[in-house]
Amino acid sequence: MYLTQTLKHKKTEQLDKLARESGRCYSKVVSFVRKTHKKKDFWISKNAIQKYMRHREYQLHSQSVQACADSYFDALKAYFEVRKSDPEAKPPKRTPKYFKVRWKSNAIRIKDNKLILSNGKNRDPVILDNGQEKPKYVEMHFKRGYYYFAFVYKVDTPEKQNTGATVAVDMGEIHPIVSFDGKRITIYNGRFVRSIKRYREKIKTDFQSKMDTCKKRSRKWYRLLKAKRRTLDKLDAQLNDAEHKITSRFISDCQRAKADTIVIGDLKGIRESMKFSKKSNQKLHQWAFSRIADKMCYKAELAGIQVVSESEAYTSQTCPKCGHRKKPKNRNYHCPKCDFKYHRDGVGAINLWDKVSGLINNPVSWDIGSPLGVRFNWHLSRLDLKSRKLAISR
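Counting with my numbering, you get residues 14 to 407 for the letters of the sequence shown.
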């Protein structure tokens with residue numbers, strides 16, 4: 014299991030030179046592989062290109078040169094996979110002037126609480142104030158005026174728990190997580206996160222309308238573009254922070270319930286079947302369920318909890334009490350056959366839990382209590398001794 018820590022750094026002449034040298038190295042890999050394929054009609058191997066790159070002089074550590082080849086062949090591998098389903102796919106061919114720089118373990122050392130990133134013999138290293146622990150590797154990339162260093166650490170995950178408890182999760186656009194542990198429904202409210210998304214789209218429209226009145230690439234046009242990017246970066250950071258807080262709180266609740274398995278509804282391909290109004294389609298296409306699921310998965314792995322995916326077909330339409338199927342028209346589910354009433358997303362989580370537990374053909378006959386709501390706020394955090402009742406409301 015790997016964890017990443019990011020450090021923001023000002024733009025310097027040394028870092029510019031390294032990024033430019035890395036771009037020259039990566040571009041050589043791209044051009045050499047493409048020319049070989051064009052002339053000889055075969056794809057040269059990664060080992061062969063790395064041996065070839067050793068005989069060329071670059072102002073980088075030898076491991077950083079090999080990392081450029083690794084990056085290209087990772088992209089080439091993805092192209093081979095896509096080509097199976099899309100014959101029109103094309104291999105990577107971009108030759109950038111600047112490219113990310115990666116320092117592997119052999120190029121990293123710690124001295125006097127300083128992290129020293131080597132750039133080869135007789136060359137000045139990059140020195141950073143992050144020398145508490147040696148990372149697996151460090152990667153530097155440029156984004157909108159700053160360089161960002163990503164420190165990747167290898168973390169030992171705890172052994173899987175064997176308590177037998179299962180938590181089912183119904184993911185939604187309004188409520189990102191609705192969970193059921195066999196006894197209680199918990200709804201993690203996401204309306205505030207939704208409001209940030211709406212505001213972000215409004216900002217995009219406002220800035221774009223102003224930019225359309227300017228001459229493209231003029232001084233005013235660039236000022237507006239810079240302001241637009243700066244504002245969107247702040248909103249994206251707020252969204253990312255909110256998603257982390259919601260998923261951290263959810264995993265904390267799973268640990269308190271002593272769960273060893275989390276079941277997530279499989280939502281792959283859901284956007285392909287969307288045929289709603291223009292406004293509804295926009296909301297659903299902004300639904301970042303994969304980002305929530307990714308954060309949930311790696312945090313669960315750190316906590317020693319297994320995550321599995323299960324089809325959630327008809328889980329929000331089936332009555333958990335009598336098994337009658339009806340498509341709800343609003344946020345509440347009402348069964349016309351047995352008069353069962355409950356929250357729509359809660360019904361989905363219950364049926365998903367029943368499906369995994371083998372009870373989908375044996376509907377429950379007991380009444381479920383009202384769901385527990387977790388309202389989002391900027392101080393939402395994991396449950397501990399200091400915040401055990403934080404943001405809980407019925």
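Yeah, the Cβ is synthetic: ideal placement off N, Cα and C, and Gly gets one too.
Bear in mind that the values here come from a model prediction, so they are computed numbers and not experimental data.
For residue j and residue i, the rounded distance between their alpha carbons
{"i": "K124", "j": "L130", "result": "11 Å"}
{"i": "S324", "j": "P341", "result": "19 Å"}
{"i": "N374", "j": "K354", "result": "Low local confidence applies: a pLDDT of 48 at N374 is under 50, so the model's placement there is unreliable, with the coordinate-based value given in what follows. The straight-line gap from Cα to Cα measures roughly 20 Å."}
{"i": "D246", "j": "D352", "result": "48 Å"}
{"i": "V46", "j": "I57", "result": "6 Å"}
{"i": "L16", "j": "F55", "result": "37 Å"}
{"i": "A32", "j": "H154", "result": "8 Å"}
{"i": "G185", "j": "N202", "result": "10 Å"}
{"i": "E94", "j": "V42", "result": "20 Å"}
{"i": "Y327", "j": "H188", "result": "18 Å"}
{"i": "H257", "j": "K308", "result": "7 Å"}
{"i": "Y111", "j": "S40", "result": "9 Å"}
{"i": "T199", "j": "A240", "result": "39 Å"}
{"i": "A316", "j": "G361", "result": "25 Å"}
{"i": "I318", "j": "Q330", "result": "29 Å"}
{"i": "H337", "j": "R243", "result": "51 Å"}
{"i": "I209", "j": "K90", "result": "37 Å"}
{"i": "M66", "j": "L128", "result": "27 Å"}
{"i": "D225", "j": "V369", "result": "53 Å"}
{"i": "S98", "j": "D367", "result": "35 Å"}
{"i": "K21", "j": "G195", "result": "44 Å"}
{"i": "P109", "j": "G36", "result": "6 Å"}
{"i": "Q145", "j": "V151", "result": "14 Å"}
{"i": "K223", "j": "I140", "result": "42 Å"}
{"i": "C332", "j": "G278", "result": "17 Å"}
{"i": "P138", "j": "R122", "result": "11 Å"}
{"i": "Q390", "j": "F302", "result": "According to the sequence shown, residue 390 is Asn rather than Gln. In a straight line, the C-alpha of N390 is about 20 Å away from that of F302."}
Where residue i falls: helix, strand or coil (DSSP)
{"i": "N119", "result": "helix"}
{"i": "R344", "result": "coil"}
{"i": "N374", "result": "Residue confidence for N374 is low, a pLDDT of 48 falling below 50, so the modelled location carries little weight; the figure read from the coordinates is stated next. Coil."}
{"i": "M184", "result": "coil"}
{"i": "D83", "result": "helix"}
{"i": "G359", "result": "helix"}
{"i": "V151", "result": "strand"}
{"i": "K354", "result": "strand"}
{"i": "Q415", "result": "Residue coverage of the chain in this structure runs from 14 to 407, which leaves residue 415 outside it and unanswerable."}
{"i": "I381", "result": "coil"}
{"i": "S231", "result": "coil"}
{"i": "G317", "result": "coil"}
{"i": "L130", "result": "strand"}
{"i": "R213", "result": "helix"}
{"i": "G36", "result": "helix"}
{"i": "L245", "result": "helix"}
{"i": "I405", "result": "Below a pLDDT of 50, predicted positions are generally treated as unreliable, and I405, at 34, falls in that range; no measurement from the model is reported."}
{"i": "Y311", "result": "helix"}
Burial state of residue i (16 or more Cβ within 10 Å)
{"i": "A120", "result": "buried"}
{"i": "P100", "result": "exposed"}
{"i": "F193", "result": "buried"}
{"i": "A61", "result": "exposed"}
{"i": "S378", "result": "Low local confidence applies: a pLDDT of 46 at S378 is under 50, so the model's placement there is unreliable, with the coordinate-based value given in what follows. Burial call: exposed."}
{"i": "H68", "result": "exposed"}
{"i": "R96", "result": "exposed"}
{"i": "H50", "result": "exposed"}
{"i": "D358", "result": "buried"}
{"i": "A306", "result": "buried"}
{"i": "N343", "result": "exposed"}
{"i": "N126", "result": "exposed"}
{"i": "K53", "result": "exposed"}
{"i": "D169", "result": "exposed"}
{"i": "Y160", "result": "buried"}
{"i": "T25", "result": "exposed"}
Top-ranked residue by Cα proximity to residue i, from the options
{"i": "D102", "options": "T108, Y111, Y92 and P109", "result": "Residue identity check: residue 102 is Ala in the sequence provided, not Asp. Of the candidates T108, Y111, Y92 and P109, the one whose C-alpha sits nearest the C-alpha of A102 is Y92."}
{"i": "L28", "options": "G158, D254, K312 and Y166", "result": "G158"}
{"i": "K334", "options": "V78, I381 and K21", "result": "I381"}
{"i": "L385", "options": "S84, I190 and D169", "result": "I190"}
{"i": "Y71", "options": "C38, D219 and H337", "result": "C38"}
{"i": "V165", "options": "K149, G317, R388 and C310", "result": "K149"}
{"i": "A270", "options": "Y160, T218 and V180", "result": "V180"}
{"i": "N143", "options": "A80, E34 and Q18", "result": "Q18"}
{"i": "Q251", "options": "D87, V206, H50 and D367", "result": "V206"}
{"i": "Y85", "options": "K59, K64 and S98", "result": "K59"}
{"i": "L238", "options": "E34, T218, P104 and T260", "result": "T218"}
{"i": "R204", "options": "V151, I259, V168 and F220", "result": "I259"}
{"i": "E314", "options": "H356, K339, S261 and L365", "result": "S261"}
With three or more C-beta pairs closer than 8 Å as the rule, is the segment 204–215 touching the segment 223–232? Counting Cβ pairs under 8 Å, fewer than three are found: no touch.
The segment 261–275 in contact with the segment 388–397 per 3-pair CB rule at 8 Å: Taking one beta carbon from each stretch, the segment 261–275 and the segment 388–397 have 3 or more pairs nearer than 8 Å; the two touch.
Quick test of the definition: if touching needs 3 or more C-beta pairs under 8 Å, does the segment 312–322 touch the segment 334–349? In short, these stretches do not touch, since the Cβ pair count stays below three.
Does the segment 65–83 come into contact with the segment 102–118, if we say contact requires no fewer than three beta-carbon pairs (one atom in each stretch) closer than 8 Å? Counting Cβ pairs under 8 Å, three or more are found: they touch.
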